[in-house]
Each structure stands twice: as structure tokens, then as C-alpha cells.
Amino acid sequence: MNKIIRKKLAVPKKASVVDIAPRAGLVIDLGKKGLVEAGWFDSVENSTEIIRELSIYVRGKRNSRGTVNTVLQYLRFVAVNRLQVSSDSAKAFRNELDRRKNITPNTKYQIFSTAMGFHRSAIAAGVLPEENLPQNFRTPTSEPKKNFVDLCRVEIASLDDSSNDTFRNAISDRGLNAEQAQALQFSINCMQSLRLRAVNSVQQIVEDWNRVYVAIESLSETDLAQLRECDFRRLDDKTLEAAFRILYAHFGFSLPATKAWPAGISDWCKGRDGWTSNRVKGAFFPVVKTLDPFLLLLLSDDSLSLNVDSAAMYSYIDSCRPSKYDEFTDVYFGKYRGSPTRKCLRTDNPTIVGICALSEKLEKTLPFMPGGAKWLSNERAPLMVHWSTFSGLETKLRGLDPSTPVNMVKRFIGIASKEFPCLLPLVGRTSGENFRPTHALIKKLSGESIDKIRLGLNHKNISTTKVYVDRLETQAMLKNKHLLFQRYLIEEAVDTRRTGSGYVCSNPVSDGCVQHTQCFECDAKRVVLKSPSIVAEWIALEEHIRLAEYSLSVSNPERWEYFWKPKLIEYQTLIDMVDERYKNEAILLTGEVLLPWLS
2 MNKIIRKKLA
12 VPKKASVVDI
22 APRAGLVIDL
32 GKKGLVEAGW
42 FDSVENSTEI
52 IRELSIYVRG
62 KRNSRGTVNT
72 VLQYLRFVAV
82 NRLQVSSDSA
92 KAFRNELDRR
102 KNITPNTKYQ
112 IFSTAMGFHR
122 SAIAAGVLPE
132 ENLPQNFRTP
142 TSEPKKNFVD
152 LCRVEIASLD
162 DSSNDTFRNA
172 ISDRGLNAEQ
182 AQALQFSINC
192 MQSLRLRAVN
202 SVQQIVEDWN
212 RVYVAIESLS
222 ETDLAQLREC
232 DFRRLDDKTL
242 EAAFRILYAH
252 FGFSLPATKA
262 WPAGISDWCK
272 GRDGWTSNRV
282 KGAFFPVVKT
292 LDPFLLLLLS
302 DDSLSLNVDS
312 AAMYSYIDSC
322 RPSKYDEFTD
332 VYFGKYRGSP
342 TRKCLRTDNP
352 TIVGICALSE
362 KLEKTLPFMP
372 GGAKWLSNER
382 APLMVHWSTF
392 SGLETKLRGL
402 DPSTPVNMVK
412 RFIGIASKEF
422 PCLLPLVGRT
432 SGENFRPTHA
442 LIKKLSGESI
452 DKIRLGLNHK
462 NISTTKVYVD
472 RLETQAMLKN
482 KHLLFQRYLI
492 EEAVDTRRTG
502 SGYVCSNPVS
512 DGCVQHTQCF
522 ECDAKRVVLK
532 SPSIVAEWIA
542 LEEHIRLAEY
552 SLSVSNPERW
562 EYFWKPKLIE
572 YQTLIDMVDE
582 RYKNEAILLT
592 GEVLLPWLS
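Residues in the sequence shown are numbered consecutively from 2, following the working numbering.
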């Protein structure tokens, strides 16, 4: 028999009224995000109509200001060069982007795509004449999000795990090669360490919440009035509970910056076993650092394999609900694009325990926070809400900004690495987007079926999962092999000898040929790109041959055509392959190069 589940009614979002008429003049209206002046565009034909169409075009876009700024790059280019918004100006803008060396091909593609998107919209609206627009740059190749192995391939390759039981079992039981076994063990160790640290941190935070509740639950109005008059510095029996009561009497659950606290409490708490001001504030209501372990708890759960945005931006106070199955809980996490994550997990799962504790904390304390009741009344009240102080001048409830999870993950891993040294390679490199690919890589190398991985990643089609996982595994293993090959090349370069003609020689024979220029056609020659001394020889010899081109071609045309000219071209090609930094260092060394007699 199915259970009756009581839950809040889903209240549909109220319709918002938007004035259909855009603002007059050369001003772009972004609604709540403000206005953008574009008076500099008045020299262009139909400028008012174009700006008005831009105001309409960006309505409802997720990042309206970013879209406007990108389109204005195009319009500003048109105005500065005294052009009109047309197919010709679009071609000129594309050529201008193509000449820029300070932006990547991906950025060029995105800028031009956004600009032409607005141009097509203006054509469809009848603001601009209909004409064929130039094609965009070639579609950039999309790389998969990096997993832990990709981030730390240098450190992983230097690990010696041959004596480790887990490493040997991965090779014998799962049929993995050494690189795959090493990647699997490193990923598992890091993920388990992060999860253990997150579970322990969440338990400590919940204990702090309970400690505050016990300290304040029996206080009456009379007690609170007396505590407001109490001077903590004069108490004979100073305890954390006494500090909690005084803080609660003054501020409730919404503690301000420490400089506004009653004198003596902040300094005294610092000396009490790690009770920093952030920990004290988080014990009353979560601050952003309080949410770090909760975010990591979600990201490190392989049964969820959440996208970082789903965990940070689309988790809700009611994400965990009773299931129709005993000892299980239904979880729900939204997603900006694609299907939301819906799973059924055991109620004793540490993730469920931690998220339910956070939800309960918010439901109990939000009604007593400034603006908390309104926050709680939202149909989808965010789970990751924190009490924020802006340099002590302003306090308010806030959700997480899109850029905040990166700092949260880096901060948590930096602290956890002191307890778990295996996390040291990840410090400062890892963001929330690296967890989901790591879960997929672990499952693939552990031998799980593609269909089971598909369910874990919440993919609709198994073909999507297969491409996703194969690409992850290939990239992780390939980069490790590239590193090993690079080390081989370096060792070879160190063991070989210089020829003086821009190469190193792998043939340990007498150097009679080095005194001439015969190593140009020798199979024993080796090319080293990133060596200033070698590059200096290329630059000096290229200039030496180029300056002697006329005399060489006249005195011995056949030798010039079949020997010196190909050699000159090879030096020029090698120089073009060198980074500017190495080239600049090499130019300073060209005076030390011994130049051969040319004939």
C-alpha cells in the first residue's frame, strides 16, 4: 500500500508585467540591472531603432548585461570606423577579431556568434535590411571537463605504487594497465578523503548548532534583558554557552561583524579550541564557510554525481522528501539545462543526513532572520543560503553567486590536504566541475557497465554516456603517456652532445662531422625547441647563410640550390616554431656562436 505524502502545494510563478515599449533614446534598458548609455552610436544610420531592438533582444536572457557588452563591441566597431550595420561591417568586424592575438579562438567564436545573433534578430524585426551575413569562425573543439587525473598528471606519473595492494589488485582483477591502475587509485583516494573530511566537518557543524540551541532554548524575555546588560569581560565563569547567550540576547541568530559584538567575546572565543568568529557566526546561522562541507558532501557522493551548478545553485530546502519506500528518501536537484536529478537514496546516507540537517536548521531559523520569512516563502527556496556581512557595514541573506563554488571547493581542499596528504596535488587547481568527470572515470575503470554509469550521470541516451566516458578515459591516459614521452625526450637530450650547428647528436662517435655542416642530413641529429643556446645557433646560422646568399648562389649555384637553400629554410622554420620568450633569450647568446666557413 502506498503512503500518503504531505508536501507543500506547488504555487505557480506569478506573471510579471513588462512594458512592451522600450526606453526612448540611445539607452539600453536592462530592467533591474540598470541602464546602459549608448550615445556614442548616434552617428550610425537607424541608431535609435537598432538600440531599441537591442533592448528588446536581451529581455529574458540569463546574462543580459554580458550579451549587451558583447553586442556593443560590434556596434562600437561600426561607429568608430564610420560604417553602417550591414553585411560589409560584419565582415570587417570578423577580420578585426581574426587579427587579435590577445584572445583565444573560442572567444573569437563566441563574440562573433553573439554579435551575429543580434544582427539576425534585427533583420527579422525589419530594423536592418535582409542580406547574407558572413560565416562564423570554425566551431572550436570542445574539451571535456578535467578530472582529478588530468589536473595532476605530473604528480601521478611520479608516484610509485607498484607495492600497493590496491594498485596490484586493480591490475590483476580488473585487467588494467599500470597507467589506468594508477589513475584509478589516485582518484579513489582523493574522493574518499574529501568525502570523509566533508562528513566529519558536517557532523561538527551540526553539533555546534545543537550546542547553541541547548544554550538558548530556555531563555525567557527577562533573561534576555539581563543578558543585554551583562559585561562578558567581568564574568568569573566564562564559557562558550555564556558567550552564546549574550550574543543571542543582542542579535538573535543574525550576528553582525565581530567589531559590533559585545567587548571581550570575540577574543576569548578564539582561544577556545578553534572557535573562530566564522565558526561562532556559523553556529547561529550558516555563513558561506559553513556551507563548504555541505557542498563537498554533495559533490563527492558518487550515487548522485551532481553537476556543480545543481549542487550549489539548484539545491532546495525541500530537495529531500520522504519516499514511498521504507528507509529511503527521494532527492531532487534542478538543472539550468537538461533534466533535473531525481534519485532515491537510503535515509542513513551521510549526504541525506547532512542535507536534512541543513534544511531543518534553515526552516527553524529563517523566520527569525531579517528577510528570512520572505526567503522561506519562495516556491523553490535555495538550500545554499548564508548570512553575509559586507566589511561589517551591511548584513543580509544571500544565495551563492555563480563564482562562489570555485572558492568554496579550493578552500575546503586546502584545509583537508593538511589531514590527507594525497590531496596536496589538487590544492589550488580543483573546482566543482572536476568532480562529476572523476566519478565517471572511477566507475569506468572499476568495471561498471555503461548503463549503470548512464543512470548515475542522469543521461537519457546510452550513446551520450559512452562518448562522455570514453573521451574522459582516453584523455586521462593519453596525457599521462605524453608526459612519459616528454621525459624520454628530455633524458635523450641530456645524454646527447651539442653539434654547434643547431642540433644535438645521438651518435657517440668522434666529432669529426661536427666541424663541418654534415649533420644537416644525418639521421643521428635531434632537435630541441626549448633551449636558448640551441635556438641561438639557429638564429646566428640563419642570418649567416642569408647574408651570404648572393655569393653562395653565384659561386656554386648547384650547391646553393640543393644544400644551403634547404638548410636556410629549415633554420627559418625551426625559428618560427619557438616561443617568443625563448627567442628573446636566444638573441642575447648569438654572439657566442662559432660560425662556419660557407662554400
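Idealized CB from N, CA, C, for every residue including glycine.
Which residues mark the beginning and the end of the beta strand (DSSP E) in which Ile-318 is found? First-last for Ile-318: undefined, no H or E at that position.
Pick from Trp-41, Lys-260, Val-45 and Gly-61 that is closest to Lys-33, judged by C-alpha positions: Checked all of Trp-41, Lys-260, Val-45 and Gly-61; the closest Cα to Lys-33 is Gly-61.
Taking the beta strand (DSSP E) that Val-28 falls in, what are its first and last residues? It spans 28–30 - the beta strand (DSSP E) in which Val-28 sits, taken as one unbroken run.
Among the candidates Leu-300, Arg-412, Arg-63 and Ser-447, whose CA atom is the shortest distance from the CA of Arg-430? Selected option, being the one with the closest Cα: Arg-412.
Limits of the unbroken beta strand (DSSP E) element including Leu-297: For Leu-297, there is no enclosing beta strand (DSSP E); the enclosing alpha helix (DSSP H) covers residues 293–300.
Under DSSP, the alpha helix (DSSP H) around Asp-151 begins and ends at which residues? For Asp-151, the enclosing alpha helix (DSSP H) starts and ends at 149–152.
Using the DSSP secondary-structure output, state which residues sit across from Lys-397 in a beta bridge. According to DSSP, Lys-397 bridges with Ser-389.
Opposing strand residues paired with Phe-334 [DSSP bridges]: The beta-bridge partner set that DSSP reports for Phe-334 consists of Thr-342.
Measuring CB to CB, does Cys-345 end up less than 8 Å from Ser-194? Their beta carbons are not under 8 Å apart, which means Cys-345 does not touch Ser-194 by this criterion.
From the DSSP output, which residues share a beta bridge with Pro-323? Beta-bridge pairing links Pro-323 to Thr-330.
Note down the Cα distance separating Leu-473 from Met-385, rounded to an integer number of angstroms. Leu-473 and Met-385 have their C-alpha atoms spaced approximately 30 Å apart.
Identity of the residue in Val-28, Asp-89 and Asn-279 nearest Leu-73 by Cα: When each option's Cα is compared against that of Leu-73, the closest is Val-28.
With a threshold of 8 Å between beta carbons, is Tyr-583 in contact with chain B? No chain B is present in this structure, which holds just one protein chain.
Residue of Ala-116, Ser-304, Phe-94 and Ser-378 minimising C-alpha distance to Asn-459: Taking the Cα of Asn-459 as reference, the smallest distance to any Cα among Ala-116, Ser-304, Phe-94 and Ser-378 is reached at Ser-304.
Name the residue from Arg-322, Tyr-317, Asn-350 and Asp-310 whose alpha carbon lies nearest to the alpha carbon of Tyr-337. Among Arg-322, Tyr-317, Asn-350 and Asp-310, the Cα nearest to that of Tyr-337 is on Asp-310.
Cβ neighbour criterion (16 or more within 10 Å) applied to Leu-442: So Leu-442 ends up on the buried side.
Runs of alpha helix (DSSP H) wholly within the segment 190–272 (minimum 4 residues, chain order): Within the segment 190–272, the complete alpha helix (DSSP H) runs of at least 4 residues are 222–229, 241–252 and 266–271.
Round the Cβ separation of Ala-374 and Leu-367 to the nearest angstrom and send it over; I've been treating them as touching at under 8 Å. Sure, about 7 Å apart at Cβ, within 8 Å.
Give the C-beta separation of Val-45 and Ala-80 to the nearest angstrom, bearing in mind that I take them to be a contact with Cβ-Cβ under 8 Å. For Val-45 against Ala-80, the beta-carbon gap comes to about 6 Å, under 8 Å, which counts as contact.
Express the C-alpha separation of Gly-355 and Val-200 in angstroms, rounding to a whole number. The straight-line gap from Cα to Cα measures roughly 8 Å.
Could you give the residue range of the alpha helix (DSSP H) that holds Leu-575? Leu-575 -> alpha helix (DSSP H) spans 566–577.
The alpha helix (DSSP H) enclosing Glu-434, as first and last residue numbers: No alpha helix (DSSP H) holds Glu-434; DSSP gives it neither H nor E.
Cβ-based burial, Met-578 [other Cβ within 10 Å; buried from 16]: It counts as exposed.
What is the DSSP secondary structure of Glu-54, counted as helix, strand or coil? Assigned with DSSP and collapsed to three states, Glu-54 falls in helix.
Quick one: does the C-beta of Val-281 sit closer than 7 Å to a heavy atom of the ligand GTP? No copy of the ligand GTP occurs in the structure displayed, which carries no ligand at all.
Do Asp-209 and Gly-283 have their beta-carbon atoms positioned less than 8 Å apart in this structure? Their beta carbons are under 8 Å apart, which means Gly-283 touches Asp-209 by this criterion.
Below 8 Å on the Cβ atoms is my contact criterion, and I expect Ile-217 with Tyr-249 to pass it. Report the Cβ-Cβ distance as a whole number of Å. About 5 Å separates the two Cβ atoms, so the contact holds.
Do you know whose CA, among Glu-380, His-387, Thr-348 and Ser-340, lies nearest Leu-363's CA? Residue His-387 is the option with its Cα nearest to Leu-363.
C-alpha distance - Ala-126 paired with Glu-54, whole-angstrom precision: The alpha-carbon atoms of Ala-126 and Glu-54 are separated by roughly 8 Å.
What are the residues that DSSP puts in a beta bridge with Arg-347? Phe-329.
Check whether the Cβ atoms of Gly-457 and Lys-444 sit closer than 8 Å, and answer yes or no. Contact flag set, yes.
Continuous beta strand (DSSP E) stretch holding Val-37: start and end: Element bounds for Val-37: 36–38.
Segment limits, alpha helix (DSSP H) that includes Trp-376: Run containing Trp-376: 373–377, per the alpha helix (DSSP H) assignment.
Helix, strand or coil for Pro-383 per DSSP? Residue state, collapsed to three classes: strand.
In chain order, what residues of the same chain lie with their CB nearer than 6 Å to the CB of Leu-299, ignoring the 5 residues before and after it? Here the set comprises Leu-307 and Ala-312.
Grab the span of the alpha helix (DSSP H) containing Gly-415 for me, first residue to last. Run containing Gly-415: 405–417, per the alpha helix (DSSP H) assignment.
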